[in-house]
Every structure is written in structure tokens, then in C-alpha cells.
Amino acid sequence: MTVYGLYIYDRHCTCCFYTDLDQRPPPVAGPSTLPKVLPPAPRAPQPQPSPQSRDMAIQDPRNSSGGGGGYNVPDTATLAPSTTTATAADPTRRASPGRLAFDEEAKLVYGVVFSLRNMVSKLSTRPDESFQALTTSAYKLHYLATPSSYHFVLLTSPQAGSCRPLLRQIYTGPFNEYIVRNPLASLDSQKSGKGIDNPSFRRAVEKLLAAA
Numbered sequence: 061m062t063v064y065g066l067y068i069y070d071r072h073c074t075c076c077f078y079t080d081l082d083q084r085p086p087p088v089a090g091p092s093t094l095p096k097v098l099p100p101a102p103r104a105p106q107p108q109p110s111p112q113s114r115d116m117a118i119q120d121p122r123n124s125s126g127g128g129g130g131y132n133v134p135d136t137a138t139l140a141p142s143t144t145t146a147t148a149a150d151p152t153r154r155a156s157p158g159r160l161a162f163d164e165e166a167k168l169v170y171g172v173v174f175s176l177r178n179m180v181s182k183l184s185t186r187p188d189e190s191f192q193a194l195t196t197s198a199y200k201l202h203y204l205a206t207p208s209s210y211h212f213v214l215l216t217s218p219q220a221g222s223c224r225p226l227l228r229q230i231y232t233g234p235f236n237e238y239i240v241r242n243p244l245a246s247l248d249s250q251k252s253g254k255g256i257d258n259p260s261f262r263r264a265v266e267k268l269l270a271a272a
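What follows is the structure in C-alpha cells.
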């Protein structure tokens, strides 16, 4: 099973947590995304000059002081062009082809869940029947609504089985331990102005998803 993304929505229908195990190019944050919702961006690797550029810098007489053979820091003109431009572009902020900004993506996912919930409730002949999953040719959407009005949405490969037990395990385990029982964690995104900011919760969730 391949996990494409886990979205957690609070009672205000706002996405307050997201992770995808680095299996897709990271989404681009929109102007209204709450802080601490997306995974922390990895630090861009520092460019290193090639061995040829270092040798050229050492042998270049311009880098010697008074002809004494001293070694100075190589000039940027002697470096390879790729090393001078690598730090200008941040690969963590590039949008993948065809992928929406995260705000739009999160709203679209919740809109699909909201519409399917209403459709199931109107077409169902049993009062206890609810929407649980949606399968397409490209992905499978798993849904779990909690008694505290939180909504867990997991996108996986279409061949995956039911992931409601996994979502329930995330809710009863890491979510209750690190968020509900944590007096420093805010459960209201409108009051705190940020998403779920708890590294321990993120590590526990990613560990469960990786083991699924």
C-alpha cells in the first residue's frame, strides 16, 4: 500500500494537519495556510565546489598573494555555474506538475468528503449507515469521523484495503495521547491561528503510516 497523504480537519472544516511520508513532491503553501500544518521543509543541501574548480582556484595565480604561493578562497567566477545558482532555487517550494496549492487541495478534498457524506445520508435506508471510502482508478480515499468532530482523510493507492482501523488507531493512540491529553495543545484552529504543532504526534503518525 502506498500512502499519498493524510489530512486531519477540525470542527471548523479547516485542515490542521497534513503528511505524505515524502512520497510526492511537497505542496506549495497558499496565503491562508495555517502555520505548522505542512511537514517541516528539509534543509536544502549546501553546494560544494567540484574538484576541478578547487584545483583551478589553487593553480590560478590571481589567488596567490605577492607570488608567494598563498591560497585564498576561490573567486565565484572560477566555480561551476551550477554551484552559484543552486542556493537561489528552493526545491521544497516548487509545485509538482498538475498539483494545486495546498489550501486549494485541502478544500477540494474536504468538499469531496462533505458531498459524499450528504449523498450517502440521503440515499441510505439505514440511519446508522455512513460514508467510509471512495475508490477511483488513481487513488482510494478513506474517511473517519470522530465523536469530537474531527475528520481523518487518508489517500492511498487504489489496491489498498480498508484503512478505517488504521485511522481509528491514529485517533485513539497518538491523537489522544499527544493532542487531546496535552494541555499545551490547542484543539481550536480559529483561536490558536495554527495547526497541530506537535513533533511527537507527527513522528508517531508517520511511523504508523510507514508500517501499514
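Take the position in the sequence shown, starting the count at 1, then add 60; the result is the number in our numbering. Even for Gly, the Cβ is constructed at its ideal location relative to N, Cα and C.
- Going by beta carbons, Y67 and C75 fall inside the 8 Å limit.
- With fewer than 16 neighbouring CB atoms inside 10 Å of its own CB, A271 falls in the exposed class.
- In this structure S217 is in contact with Y199, their Cβ atoms being roughly 7 Å apart against a cut-off of 8 Å.
- Of all alpha-carbon atoms in I256, Y78 and P234, the one lying nearest the alpha-carbon of L244 is that of I256.
- Annotation: the continuous alpha helix (DSSP H) that includes K267 extends over P259 to A271.
- Taking a contact as a CB-CB distance under 8 Å, the pair H211 and V173 counts as one, their CB atoms being some 7 Å apart.
- When L269, P91 and K167 are compared, the shortest CA-CA separation from D70 is found for K167.
- Put simply, of Y64, T62, L81 and A161 the residue whose alpha carbon is nearest the alpha carbon of P91 is A161.
- Of the residues assessed, N258 falls on the buried side of the cut-off, its CB having 16 or more other CB atoms within 10 angstroms.
- By the CB criterion at 8 Å, L214 and L268 fall outside the cutoff.
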